[in-house]
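Protein chains in written order, with my numbering: chain A, 1 to 344; chain B, 1001 to 1344. The beta-carbon is built from N, C-alpha and C at its ideal position, and this holds for glycine as well. To keep things clear, I will list the structure first and then write my remarks on it.
Protein chains: 2
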Amino acid sequence: MTNKITIAIDAMGGDNSPAKTIQGVHYFLEKNKSNNDYLIHLYGDSSKISYEINKFKIPSDLVKIVHTDGVVSDEETPLTAIKNSKNTSMWNCIKSQTEGTSDISLSAGNTGVLLVVSRMILKMIDKVNKPALAGLWPSNKDLNVVLDLGANIECNEENLVDFAELGSALYKSLYPNKKPIVSLLNVGSEEIKGTEVLKRTFKKLKEISNSNSFSFNGYVEGNKIMSGNSNVIVTDGFTGNIALKTAEGTAKFITDNLKKNLTQNFFTKISLIFSYFSLKKFKDKLDPRKYNGAIFLGLNGPVVKSHGGTDALGFYHSIDLCYRIVKGNLMKEIKNNLNDLSSD
Amino acid sequence: MTNKITIAIDAMGGDNSPAKTIQGVHYFLEKNKSNNDYLIHLYGDSSKISYEINKFKIPSDLVKIVHTDGVVSDEETPLTAIKNSKNTSMWNCIKSQTEGTSDISLSAGNTGVLLVVSRMILKMIDKVNKPALAGLWPSNKDLNVVLDLGANIECNEENLVDFAELGSALYKSLYPNKKPIVSLLNVGSEEIKGTEVLKRTFKKLKEISNSNSFSFNGYVEGNKIMSGNSNVIVTDGFTGNIALKTAEGTAKFITDNLKKNLTQNFFTKISLIFSYFSLKKFKDKLDPRKYNGAIFLGLNGPVVKSHGGTDALGFYHSIDLCYRIVKGNLMKEIKNNLNDLSSD
């Protein structure tokens, strides 16, 4: 491995790939012209990838194609994936980390297979029992990390404490000079609320709060996830997945209704002329593509999952996330946090 | 009891009461001038209530004041409430149902105490083990019922099946000619997804689907709660509470940002002139006051909980909900549904 940040990309995963993934790479290169600390490795059908690459002026010294024959289909299940996917772009993109040719892997392909294959190839970090899927949420201040978003349906207090450490490490890799504030998602903010697992987690997090890893802020309710008062919000994968999707559904419901109302007649169309730039800013802030990319934490190497249905701009944001995570030394932050935990 | 619908209202509960509750009653009377099938009983400090009533032209034949000395404070805990609250407006407002002087009870007071006191006075329906708090959510079609929103942190499959029956009965009382479509909230729509409790509930609901009570539509994910394809969404109280509050938080985040962007400069202020009526329609549709009122189900009498912080208009919507529920024969619908269940 060079001392440059090397991002391994599954160029074939997700809708409309590799056209979308390569255009995403193009956006990334355009935005990072002045940086020369990275390399991109593209895994997939080399002729299809080359065809897309030729549409843009992509410098060949920054991008390398690694040919693979297969692609993980959306129909593949985690159960059969290990047998069937060894020649795929996804498998080899992850495998590159153990071979020492990349620092991080990114795919927009089949989520279930990605989780299983990543875990199989990269293996769990010694002290961690369950991996977690972390997402970035917009907040009133900037953004925060929420985990687990669905890797584990059921979690005990050890898992949730691990998630606090993993999520804090992720936050620190994105914001190097901030000490993260961690909260635990619950149905009330009083100490007596919630399940027995949450109460035990609360106690443990309180004990290790103000270690080097994070400060613990207690329970947070669903309506405060986006308040900006917490940087890392910890929950089990069932609850996190329901919260994430409910937020997505609510946002869609509201913006669809807004759109309908603002385009319904002549007057509202005139109004759009005057509010165009402000509404654009509003739309940009809420654009889900900006927050595209869930980070699979707890393995001996970082894996980022892009939404399968996102477009080139969304995929660009996932590449950018990979770049920032490695630059922020995620794996070192995780190691430090877990050492903190075991010394308590 | 007369054969008129009698709504017992705790006039003292919630912020800014009884001013807000009485103004809410005033709105209700104004909207229902042409109906003469109801009576309102107001529980609380008679001099304070009379003072508020005198601000409006409230016909004395429709409204009766029942004096009580005490008020349940926000600081009262469910543990001490039973001892301390027997002389309160809340207690007596619920008690009126067992005394045969009302059909339904409404309070904007302390939620925890309301749940405990209601359960103690009204008692559980024989065949139901746990009561549930049901809410109305806006959807792309009209509205749907979601339960449990927080009465029970942990639920088994029997509880969730009961919730399906209770929620369907509520929906039928609001929409008498529709057979409700029930869905089970989960992290995926495939049958293999979710916890063991959910899988067992899925199996049971599938067995009793297409009874007189409801049709079962399988699992629904958080982003589809508002799609309009389900009328009743069943979940445990922990998950339901997280989903509800996350939706509230997301809606607030978006509308706050929209407001900020639409009032930020001269041009956007002009745009508001042209879009005023359309934005008002948009705001009205999303106005949480329209959906104010959670229904406590599973007891031998219906209890509605209004948000404590809502205003007179929000409280009016809760009174209206009480009126519609009793008119739609909620308790009879519940009985029919539970009979259906035991005959399966």
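Other residues of its chain near residue i: CB distance less than 7 Å, five sequence neighbours each side excluded
i       : result
M1/A    : With a pLDDT of only 49 at M1/A, under the threshold of 50, the placement of this residue in the model should not be trusted; the figure read from the coordinates follows. Here the set comprises G100 and T101.
S342/A  : K127
T1088/B : T1068, G1070, V1071 and V1072
Q23/A   : A312
E1157/B : V1197, R1200, T1201 and K1204
K1206/B : F1216
S46/A   : I65 and H67
Assumed close pair residue i, residue j - CB separation to whole angstroms, cut-off 8 Å
i       : j       : result
I65/A   : S50/A   : 7 Å
G298/A  : P78/A   : Contact flag wrong, Cβ pair sits at about 17 Å.
S215/A  : E165/A  : Between E165/A and S215/A the Cβ distance is about 13 Å, and since that is not below 8 Å, they are no contact.
S1211/B : D1340/B : 5 Å
N1177/B : L279/A  : About 41 Å; that fails the 8 Å criterion.
CB contact flag (residue i, residue j, <7 Å)
i       : j       : result
F1296/B : L1133/B : yes
N241/A  : V1187/B : yes
L1330/B : S1227/B : no
I1121/B : K1095/B : yes
N1217/B : S1183/B : yes
G1249/B : D1148/B : no
K48/A   : P18/A   : yes
R289/A  : G328/A  : no
T1195/B : A243/A  : no
I1254/B : I254/A  : yes
Y27/A   : Y316/A  : yes
I1005/B : V1326/B : yes
L170/A  : V146/A  : no
A81/A   : V116/A  : yes
C1322/B : I1007/B : yes
Interface residues of chain A facing residue i [CB-CB closer than 7 Å]
i       : result
N969/B  : Because chain B in this structure spans residues 1001 to 1344, residue 969/B falls outside the shown range and cannot be described.
E1221/B : K245
I1242/B : L185, V187, G222, T239, I242 and A243
Residue from the options with nearest C-alpha to residue i
i       : options                               : result
S73/A   : Y43/A, T111/A, S47/A and K95/A        : T111/A
F1282/B : S173/A, D10/A and L258/A              : L258/A
N1003/B : A1011/B, N1177/B and N1036/B          : N1036/B
Y1291/B : D1010/B, D1142/B, T1080/B and P1059/B : D1142/B
N1337/B : F1163/B, N1156/B and M1090/B          : F1163/B
E1075/B : Q1097/B, K1327/B and V1113/B          : V1113/B
I1009/B : W1091/B, V1116/B and T1098/B          : W1091/B
N140/A  : N223/A, S34/A, T195/A and N156/A      : N223/A
N1229/B : E1196/B, E1191/B and I1181/B          : I1181/B
K1020/B : N1129/B, G1150/B, T1080/B and S1318/B : S1318/B
E30/A   : T263/A, P59/A and A151/A              : P59/A
P138/A  : V232/A, L115/A and N177/A             : V232/A
L185/A  : I153/A, N210/A and T239/A             : T239/A
D320/A  : K332/A, D340/A and A294/A             : A294/A
K1252/B : I225/A, Y276/A and D256/A             : I225/A
K1179/B : S1209/B, E1190/B, I1153/B and S1189/B : S1209/B
Y1175/B : S1189/B, R1324/B and D1284/B          : R1324/B
D103/A  : Y38/A, I153/A and K285/A              : Y38/A
Nonlocal neighbours in the same chain, by C-beta distance under 6 Å from residue i, ignoring five residues either side
i       : result
A1108/B : G1013, G1014, S1306 and G1308
N1032/B : none
L1160/B : T1201 and V1234
G303/A  : The amino acid at residue 303/A is misidentified as Gly; the sequence shows Val. Counting only Cβ-Cβ distances below 6 Å, and skipping sequence neighbours, we find S105, S118 and F296.
C1347/B : Outside the displayed span of chain B (1001 to 1344) sits residue 1347/B, for which this structure offers no information.
I192/A  : none
G1301/B : Q1097 and L1122
Contacts of residue i in chain B (Cβ-Cβ under 9 Å)
i      : result
G109/A : In chain order: nothing, as chain B lies at least about 17 Å away.
K224/A : K1245 and G1249
L114/A : Going along chain B, no residue has its Cβ under 9 Å from L114/A, so there is no contact; the nearest lies around 15 Å.
I254/A : T1250, A1251, I1254, T1255, L1258, F1282 and L1286
Neighbouring residues, chain B, relative to residue i (Cβ below 8 Å)
i      : result
G194/A : I1153 and F1238
Residue i: contacting residues in chain B (beta-carbon distance under 7 Å)
i      : result
K281/A : N1261
Neighbour list for residue i in chain A, Cβ cutoff strictly below 9 Å
i       : result
G1150/B : V187 and G188
Sequence-distant residues of the same chain with beta carbon closer than 8 Å to residue i, five excluded per side
i       : result
N265/A  : none
S1085/B : G1070, V1072, E1076, W1091, V1113 and V1117
Under 8 Å by beta carbon: chain A residues contacting residue i
i       : result
N1257/B : F282, K285 and L286
I1007/B : What I1007/B touches in chain A: nothing, since even the nearest Cβ is about 29 Å away.
Residue i Cβ short of 6 Å to the ligand NAD heavy atom set
i      : result
A132/A : Among the components modelled here there is no ligand, and therefore nothing to report on the ligand NAD.
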